[in-house]
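Below you'll find the structure, written out as structure tokens, and then a few comments.
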Amino acid sequence: MSALGYVLEHYVVLSALLFTIGAIGFLVRRNVLIQLMSIELMLNAINLLLVAYNRQHGGPMTGQLFAFFIIAVAAAEAAVGLAIILSYYRLKASVHSDEADALKH
Amino acid sequence: MTFDVVYGLSPLLVVALGALLLMLAEAFGKPNPQGLAPTGEVSDAGAGRAGELGMGAAVVLFVGAALSLGVWLAGPDNLVGLELTRPYLIWDRFTVFVCFTLCLGGGLSCLLAGGYLTEHEIDRAEFFPLVLFSTVGAMALAAAGELLTLFVALETMSLGVYALVGLRRTPRSSEAALKYFLLGSFAAALMLFGAALLYGATGRTDLAGIGQAIAAIGQGEGPGAAQVLIALVLVVVGLAFKVSAVPFHMWTPDAYEGAPTPATSYMAVAVKTAAFAVMVRVLLIAFGDERLTSWASGWPPVLATLAVASMTVANLVAGRQSSVKRMLAYSSIAHAGYALVAVVATIRSPAAEGSILFYLLTYTVSTAGAFGALILCGSRGKEAVSYEDLAGIAKRHPAAAMAFSLFLLSLAGVPPTAGFFGKLYVFQAAIDAELYVLTVVGLLNSLVGAYYYLRVIVFMYMREPAPGATLAVPMRSGYVASALVIAAVLVIALGVLPNVTLEWAAIATVGRS
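Residue numbers (the numbering used here), protein chains in the order written: chain A, 25 to 129; chain B, 804 to 1316.
This is the structure in structure tokens:
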């Protein structure tokens, strides 16, 4: 294919990179809002992967459909997550996961 | 045709419909003036009515369990119309058995919540629609035969439970919800990336189709095979998070301890049961290829390691806890380890799938009962948390202590309780599958586990409370008492007459090719 054409591997590599950035962000950052954003980045990397594979496999657009479902579910997840973060912030006035240490044995 | 589908899926449909009705009842019902939160902060119509709404939710879930029984007796295979839902929902005997267990566990948790929320003036009646919606997700998850359905069902179940954990407006409850939410979503994302890679490697999203495509790829050593392996690892990690197997258990003690106790009970029984059901189906159908189920190049050694780690670590740490609730959290991790032994055994023993189902049922009634007894032993401001709180409770409140002892003995696996036969059949399946090392490790761990269960009984019966200590005063609640009676009857019935249930579990298989 031409340089500007569709090459599956490029999308797979890009998606894997985005997913890894998201995963590392989730593991190293201590601000829960940024951790939530990292999870969203991971989900979007998955969307990219699904859409790229869908182009390769063709057929009944399962990959594209899957991506739409993920977008919708990710929105619901973000809503619940932000609500939990908000209720935590109201009680502790902090959004740092390091300070979430009330529960220890 | 339509009748078959509606009747077959009736457990799922009834619970979903019940959840919608309860939401309406909660929003439009008449508030109970006596039950309004004393802080005046919340004045939604559901406040003060946790008891009656809990009763409603429990009835809906028990009806769901009864309908599962009805579908079982009619035979899901005879309901021809159920073919329509394939491959999205695979409504076989395996699914129906799990649905029964889920509805039972959910119903018991709702009864517990009916008493607990009123007593502790949490009184947020949205607890019950959340439990029902989560149960719908859990049932769909157990039935899921396709990746997209699996993902949506998993999130339906999890989102409800995240909210349940954070229901109580205290720093501990919020913190538990935060930790559970972050790690749960992270695990779901990992699993989803695995699912996307599987779709890429095979072009299919239904588990059976993936299984066939993997069998076709399996011979070569090309990039396709490597991609399948990466996907397998990611999916197993995601599932291990959900069943809280060591080393993916970090969130479990915190989330279980911080959550309101009925929510803990629900997480321990329903979420774990559904996660095990989907784990068995995914591993045996999608990754059921000969190479991937072999000891040399597949998932069995990985799961065996998880099983050994879960049993050993959880049992050792559980003995060192000072909070009984946290001890029960570690105990649930250990029980995930025993069930994982049975999952490994499925590779060579046809009876192993049945043993998992039977084990999950016995675990559900014992665990829900144990958390229920812990709820019963405390009342507002005088909750039973540590071992010391329970000291000498047998003299003051013999009934509560006796109920607690029964469930702890069942968890420890002492005959003639349900827990004994649950463990027995798991280890029998493991021996059938020639997994001798796993069996021995499991048996040794059961002995270690008995230590911390018996320790609670020793405290209840043989210790006196320290002078001047705040005594835990058991609460009075018909809801909690009835949940305990149901659980106790089942623990004893499954322990004395396990045969029928076991025969049923034995014919409930996922139908691998």
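For every residue, glycine included, the Cβ atom is placed at its ideal position computed from N, Cα and C.
Only a predicted model underlies this, so the values are computations on that prediction, with no experimental measurement involved.
Item	Value
By the three-class DSSP mapping on this structure, what secondary structure does D1092/B have?	coil
With a threshold of 16 other CB atoms inside 10 Å of the CB of P841/B, please say whether the residue is buried or exposed.	Bear in mind that a pLDDT of 48 at P841/B, under 50, signals an unreliable position, so the model cannot answer this.
Please tell me whether G854/B and G910/B are closer than 7 Å, where the distance is taken between their beta carbons.	no
Would you give the residue range spanned by the alpha helix (DSSP H) that A946/B belongs to?	F930 to A946
Using only CA atoms, which one of G1252/B, G1245/B, L1247/B and I1234/B lies nearest to L1214/B?	G1252/B
First and last residue of the alpha helix (DSSP H) that includes Y1166/B?	A1155 to L1179
Under 8 Å by Cβ, that's how I've got L1037/B and G997/B pegged, so tell me the actual separation to the nearest angstrom.	3 Å
Would you list, in chain order, the members of the stretch 1052–1074 of chain B that have their beta-carbon closer than 8 Å to a beta-carbon of chain A?	P1056, D1057, E1060 and G1061
Assign S1152/B to one of three DSSP states: helix, strand, or coil.	coil
Between the stretch 81–105 of chain A and chain E, which residues of the former have CB atoms less than 8 Å from a CB of the latter, in chain order?	Looking at the structure shown, chain E is missing, and the protein chains on hand are A and B.
Looking at chain A, which residues of the stretch 1006–1017 of chain B have a Cβ within less than 7 Å of any of its Cβ atoms?	G1006 and T1008
Since A1121/B and Y1255/B should fall inside the 8 Å C-beta cutoff, what is the C-beta to C-beta distance between them, to a whole number of angstroms?	5 Å
Locate the alpha helix (DSSP H) running through I893/B, then write down its first and last residues.	Counting along the chain, I893/B falls outside any alpha helix (DSSP H), and DSSP gives it neither H nor E.
Against chain B, does S111/A count as a neighbour if the rule is that its beta carbon must be under 7 Å from one of theirs?	yes
Suppose you measure from the CA of F931/B to the CA of C913/B; what does that come to, to the nearest Å?	7 Å
Here's a check: name, in chain order, each residue in its chain whose Cβ is nearer than 6 Å to the Cβ of G1140/B, leaving out the five neighbours to either side.	A1110, S1113 and M1114
Output needed in chain order: residues of the stretch 45–77 of chain A with a Cβ under 7 Å from some Cβ in chain B.	F50, V56, Q59, I63, M66, L67, I70, L73, L74 and Y77
Under 7 Å between beta-carbons, which chain A residues line up against R975/B? List them in chain order, please.	A126 and L127
Can you look up D926/B in the DSSP assignment and give me helix, strand or coil?	coil
Which residue wins for smallest C-alpha separation from V818/B, given the options A860/B, Y1166/B, Y1228/B and V1313/B?	A860/B
CB A1290/B to CB A1171/B, shorter than 7 Å?	yes
When DSSP labels each residue in this structure, what does N55/A get in the three-state scheme?	strand
Give the residues from the stretch 951–973 of chain B that approach chain A closer than 8 Å (Cβ to any Cβ), ordered along the chain.	L951, F954, V955, E958, L962, Y965, A966, G969, R972 and T973
Going by C-alpha to C-alpha distance, which of V1105/B, Y1190/B and M1053/B sits closest to R1123/B?	Y1190/B
By the criterion of Cβ-Cβ separation under 7 Å, what are the contact partners of L41/A in chain B?	Neighbours of L41/A on chain B: none; closest Cβ ~12 Å, over 7 Å.
Just checking my contact of G969/B with L933/B at CB under 8 Å: how many whole Å lie between their CB atoms?	That pair is no contact at about 11 Å.
Is it buried or exposed, F1230/B, if we count other Cβ atoms within 10 angstroms and call 16 or more buried?	buried
Give the residues of chain B in contact with L115/A, contact being defined as C-beta atoms less than 8 Å apart.	R972, T973, P974 and S977
Nearest to E829/B by alpha carbon, out of V1283/B, T1096/B, R927/B and G867/B?	R927/B
Could you tell me whether any Cβ in chain A is nearer than 7 Å to the Cβ of L839/B?	Reliability fails at L839/B, whose pLDDT of 49 lies under 50, so the model's placement of it is uncertain and the value that follows must be treated cautiously. With 7 Å as the cut-off, L839/B does not count as an interface residue toward chain A.
Looking at the C-beta of A1173/B, does it have a partner C-beta in chain A at a distance below 7 Å?	no
When DSSP builds the beta bridges, which residues end up paired with E949/B?	D1009/B
Using a Cβ-Cβ distance cut-off of 7 Å, determine whether L981/B contacts chain A.	yes
Quick check: is the beta carbon of L995/B nearer than 7 Å to any beta carbon in chain A?	yes
Let me see if you follow: with CB-CB separation under 7 Å, is F989/B close to chain A or not?	yes
Give me whichever residues DSSP pairs with K1185/B in a beta bridge.	S1182/B
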